[in-house]
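Just so you know, we're using the working numbering here: the sequence shown kicks off at 9 and counts up by one.
Here a beta-carbon is modelled for each residue, glycine too, at the ideal position from N, C-alpha and C.
Here's the structure, in structure tokens; my notes come after.
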Amino acid sequence: MKKFLIILAMFCFSNSCFAHSHNNLSASDALEKLKEGNQRFIEFKQKHPDEDKKRRQEMLKGQHPFVVILSCSDSRVPPELIFDQGLGDIFEIRNAGNVLDEHVIGSIEYAVMHCGVKLIVIMGHQDCGAIAATLSGVSETKYIKSLEDSILPAVEDCKEKGLEINSDNVVKAHVMQDIEELLSQDTELVKYMKENNVEILPAYYHLDTGVVDFYKN
């Protein structure tokens with residue numbers, strides 16, 4: 009953990025983000041940009057923005073993403089594609105089952121507090137393998153089990169609420185628990201979010217249609 013914090017601090021004092029010199033999008037504008045990109049993806053009308061040589065050269069000066077997205081590392085769920093965005097647009101954090109841990113929180117802190125991002129999205133998805141593994145009750149390795157242990161509270165939450173224990177319900181419950189856990193931390197990030205109009209939203213991606221649903225937390 010100490011080593012991670014030292015590395016994070018080195019990043020923070022680098023020039024890879026320039027939030028204070030860039031007019032970052034508001035949370036509402038960032039959300040609208042995501043929705044517009046997702047609609048293009050759904051309709052196969054992608055613009056593939058921010059992917060040319062000029063953009064690569066701009067990125068040498070630093071990054072100014074307009075959103076940070078925590079999502080599953082499932083190969084079918086690439087945020088840049090489903091939101092039709094390009095280089096430097098999305099500060100992306102991915103792991104199996106979009107599990108929140110101290111490294112993820114540190115990464116979100118960096119995006120928000122040093123890149124000036126105003127919108128945090130935590131996105132689950134249809135047919136999530138990590139959720140399926142948790143529901144199966146079979147842990148293949150201790151490391152996969154560590155992911156499942158982080159997801160199990162969402163299963164219990166569904167039981168307490170009388171919801172059917174299926175993949176969709178657990179995925180959504182898990183996203184909500186990620187958000188609740190993040191906001192319950194006594195961190196500089198939570199304080200910063202309150203003082204700087206930073207919003208956090210849950211989302212659900214439909215593999216079959218390409219639609220991303222944003223819903224209130």
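How is the beta strand (DSSP E) around residue i delimited, first residue to last?
i	result
Cys-80	75-80
Leu-85	Correcting the residue type first, residue 85 is Val in the shown sequence and not Leu. Neither: Val-85 is in no beta strand (DSSP E) and is coded neither H nor E.
If I'm right that residue i touches residue j with Cβ under 8 Å, what's the distance once you round it to whole angstroms?
i	j	result
Phe-52	Asp-92	No, Phe-52 and Asp-92 are not in contact; Cβ-Cβ is about 10 Å, not under 8 Å.
Leu-127	Glu-207	6 Å
Asp-58	Gly-94	3 Å
Pro-210	Tyr-200	Wrong, their Cβ atoms sit about 20 Å apart, outside the cutoff.
Ile-173	Leu-197	The Cβ separation is near 32 Å, so there is no contact.
Ile-152	Val-179	Their Cβ separation, rounded to whole angstroms, is 17 Å, which puts Ile-152 and Val-179 out of contact at 8 Å.
Val-220	Ile-90	6 Å
Ile-77	Glu-100	6 Å
First and last residue of the alpha helix (DSSP H) that includes residue i?
i	result
Gly-114	110-123
Glu-168	150-168
Leu-191	175-192
Gly-137	137-144
Glu-203	196-203
Taking 7 Å as the cut-off, is the C-beta of residue i nearer than that to any heavy atom in the ligand ADP?
i	result
Val-206	Inclusion of the ligand ADP in the displayed structure is not the case, the ligand content being empty and no account of it being possible.
Can you pull the DSSP bridge partners for residue i?
i	result
Tyr-213	His-133 and Val-220
Asn-106	Asn-106 pairs with nothing; no bridge assigned.
Glu-207	Leu-127
Ile-98	Val-75
Completely contained alpha helix (DSSP H) runs for the segment 30-70, where each covers 4 or more residues
Qualifying alpha helix (DSSP H) stretches, in chain order: 35-50 and 61-67.
Decide if the segment 159-167 is in contact with the segment 75-85; the criterion is three or more beta carbon pairs, one per stretch, under 8 Å apart.
Taking a contact to require three or more Cβ pairs closer than 8 Å, the segment 159-167 and the segment 75-85 do not qualify as touching.
Please determine if the segment 105-116 and the segment 132-144 are in contact, where contact requires at least 3 C-beta pairs separated by less than 8 Å.
The segment 105-116 is in contact with the segment 132-144.
Three-pair Cβ contact test at 8 Å for the segment 67-75 versus the segment 120-128
Judged by Cβ distances under 8 Å, the segment 67-75 makes contact with the segment 120-128, as three or more pairs qualify.
Report yes or no: do the segment 179-195 and the segment 112-120 share at least 3 C-beta pairs separated by less than 8 Å?
With a cut-off of 8 Å, the segment 112-120 and the segment 179-195 count as touching, because enough Cβ pairs lie within range.
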